Every structure is written in C-alpha cells, then in structure tokens.
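> Below are the structure tokens for one structure; questions will follow.
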Amino acid sequence: MLNDLSTFTRATIFGQLVPLGMLWGAIAGMDSSDPDVNRLVVIAGVSLLWMVGWGVFVAWVPGRAARRLHAEVERGSREIISGTTTAPIAPARVVRERRWKKNPPLALGAEEGRGAAAYSVAFTVLPPDGPPRRVATLSPVSLSKGTSALVALHPDLREVGVLDMRVTNAQVETSARDPRWRTDRLPTDRTVVGGYLMLVVALVAGIAAGFAIGWLLWLI
Numbered sequence: 000m001l002n003d004l005s006t007f008t009r010a011t012i013f014g015q016l017v018p019l020g021m022l023w024g025a026i027a028g029m030d031s032s033d034p035d036v037n038r039l040v041v042i043a044g045v046s047l048l049w050m051v052g053w054g055v056f057v058a059w060v061p062g063r064a065a066r067r068l069h070a071e072v073e074r075g076s077r078e079i080i081s082g083t084t085t086a087p088i089a090p091a092r093v094v095r096e097r098r099w100k101k102n103p104p105l106a107l108g109a110e111e112g113r114g115a116a117a118y119s120v121a122f123t124v125l126p127p128d129g130p131p132r133r134v135a136t137l138s139p140v141s142l143s144k145g146t147s148a149l150v151a152l153h154p155d156l157r158e159v160g161v162l163d164m165r166v167t168n169a170q171v172e173t174s175a176r177d178p179r180w181r182t183d184r185l186p187t188d189r190t191v192v193g194g195y196l197m198l199v200v201a202l203v204a205g206i207a208a209g210f211a212i213g214w215l216l217w218l219i
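The sequence shown begins at 0 in numbering that gives the first Met the number 0 and counts up by one.
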C-alpha cells in the first residue's frame, strides 16, 4: 500500500474523468438540428450514477486498506516488541503522519498506551539488505516531516516498522548522516504512484472511454 499506489491512483483518475467524457461524447453525437432532450437526460443520469459509484469507491477502498494496514502494523509491532521475531534496526525519515485512533501506539522502549491514540507515521527507511522503502508505524509521539529516527523493520511484513525509542540522540544523528540518503534512490510520492506521466495517460484514457460511451449511448 505504501510503496505501490499506481493501480489505485490510475483507476481513481480514470474513473473520475469518465463521466466528463460521457457528457462530451453525448454532446458530440447529438444532432444539433433535432436534439433528443430525453436521451440527453438519460446520458446525464448515467454519468451521475457513475460519479456516485466512483465516490463510493474512493471513500470505501482507501479506508478499508488503511484499516487492514494498521491491523497488520499492530500485529507485526507486537511480534517485534515481544521478541518473537528478529527485526533489524534501520535509519529512517518521516514522510508524513496523522492521528490514528483505531490502534494503540506501540514502540520499542515505551509502554503501550492503552486507550491512547497513536500517530500513524510513514517513514522512508534504509534497510540493511535491500533498497530504500516506506514503512508504517504506530508511534506514541508526533513527529514532523523529515525528522530522523531509527525504526525496527519486520522481517516478513515489508511495510511494518516500530519506532525505536531506546536510542540516543547521537545514534539518531549518526543515522541521519548515512551516505545512502544521498546516493540511493529514495521512494517519493511520484514514484509510488508509478510516475506522473502514467497519471496523465489514465486521465486521457478516462476521458476517451467516457467519450466513446457517451457517443455510443447517443447512437443506440
């Protein structure tokens, strides 16, 4: 979810532009000398239904995915904290954060805050055995974008991490100077959606598909 959002993002943009294309296709296919208002209303209604369906999709799918991710983060975090799995510690930088009330805050070196709201913090991490990637944590503290930290990485759940609060300031400063921050290719908001060019392609494809549907509905 954190490292590959390309399919969802493209599908969202594609679906958002289909209704606009349908209306353009209907207008293009309409006989201006003898317009069929009833058919135009039907096509507009189909476009509206599509928009409602698209709205339900973008409201439901991300929320469901976020709940599943955080449930996985909680499970993986407990495995790391309990010592049932060996988790390497990696340099990390905050990508973004938000309050998250559905799961408890969990961190190495901190007591579980039962009943307290966590901060869902996404980090870019430098794993010892692979390329940089993004992981999610349930942090007990708020961290601003760009803050350096050390995060324990679950060996099997690639998007799960636990903030290590046992470390010293000197250790965090050392991790912030890791040369891989400058030399490695870090994931960005552009790369995780598959590049902006493909988003433009999805936009054009959505309009074109809608245009074709609107045109065909007018000709039926």
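Built from N, CA and C at the ideal position, the CB exists for glycine as well.
These figures come from a predicted structure and were not determined experimentally.
Sorted by chain position, which residues of the same chain lie with C-beta nearer than 7 angstroms to L152's C-beta, five sequence neighbours on each side aside?
Once the five neighbours on either side are set aside, the close Cβ partners of L152 are A86, P87, A89, V124, P126, V134 and G160.
> Do you know how far the Cα of K100 is from the Cα of L39?
Those two C-alpha atoms are separated by around 46 angstroms.
> What's the C-alpha gap between M50 and L198?
Between M50 and L198, the C-alpha separation is close to 19 angstroms.
> Please determine whether the Cβ atom of A148 lies at a distance below 7 angstroms from any heavy atom of the ligand MN.
This structure lacks the ligand MN; in fact it carries no ligand of any kind.
> Does the separation of the CB atoms of A117 and L137 fall below 8 angstroms?
Cβ atoms of A117 and L137: closer than 8 angstroms.
> Tell me the DSSP secondary structure of T11 in three-state form.
If DSSP states are grouped into helix, strand and coil, T11 belongs with the helices.
> What does DSSP give as the partner residue(s) for E96 in the beta ladder?
DSSP lists V120 as partners of E96.
> Where do the ends of the alpha helix (DSSP H) carrying T190 lie?
Run containing T190: D188 to V191, per the alpha helix (DSSP H) assignment.
> Within 10 angstroms of the Cβ of W59, are there 16 or more other Cβ atoms? Answer buried if so, exposed if not.
By the 10 Å Cβ count, W59 comes out exposed.
> Relative to the C-alpha of E172, which residue among S141, A25, T146 and V72 is closest?
Of the listed residues, the one whose Cα sits closest to E172 is T146.
> For I26, write down the residues that DSSP places opposite it in a beta bridge.
Bridge partners of I26: none, in fact.
> Leaving out five residues before and five after T8 in sequence, what residues of the same chain have Cβ atoms less than 7 angstroms from its Cβ?
For T8, where only same-chain residues beyond five positions count, the Cβ hits under 7 angstroms are V192 and L198.
> Taking all protein chains shown into account, decide if D163 is buried (16 or more other Cβ within 10 angstroms of its Cβ) or exposed.
So D163 counts as buried.
> With DSSP collapsed to three states, give me the class of G145.
Looking at G145 - three-state DSSP - the assignment turns out to be coil, as it is neither helix nor strand.
> Between G44 and L1, what straight-line distance do the alpha-carbon atoms span, to the nearest angstrom?
So the two alpha carbons sit approximately 36 angstroms from each other.
> Which residue wins for smallest C-alpha separation from I206, given the options S46, V36, E110 and D183?
Measuring from the Cα of I206, the nearest candidate turns out to be S46.
> Inspect the beta-carbon positions of F122 and V94 and report whether they are closer than 8 angstroms.
Yes, they are a contact pair.
> According to DSSP, G88 sits in a beta bridge with which residue or residues?
Reading off the sequence shown, one finds Ile at residue 88, where the question assumed Gly. A151, per the DSSP bridge assignment.
> Starting from T173 and walking both ways along the alpha helix (DSSP H), at which residues does that stretch end?
Taken as a continuous stretch (DSSP letters only), the alpha helix (DSSP H) holding T173 covers N168 to A175.
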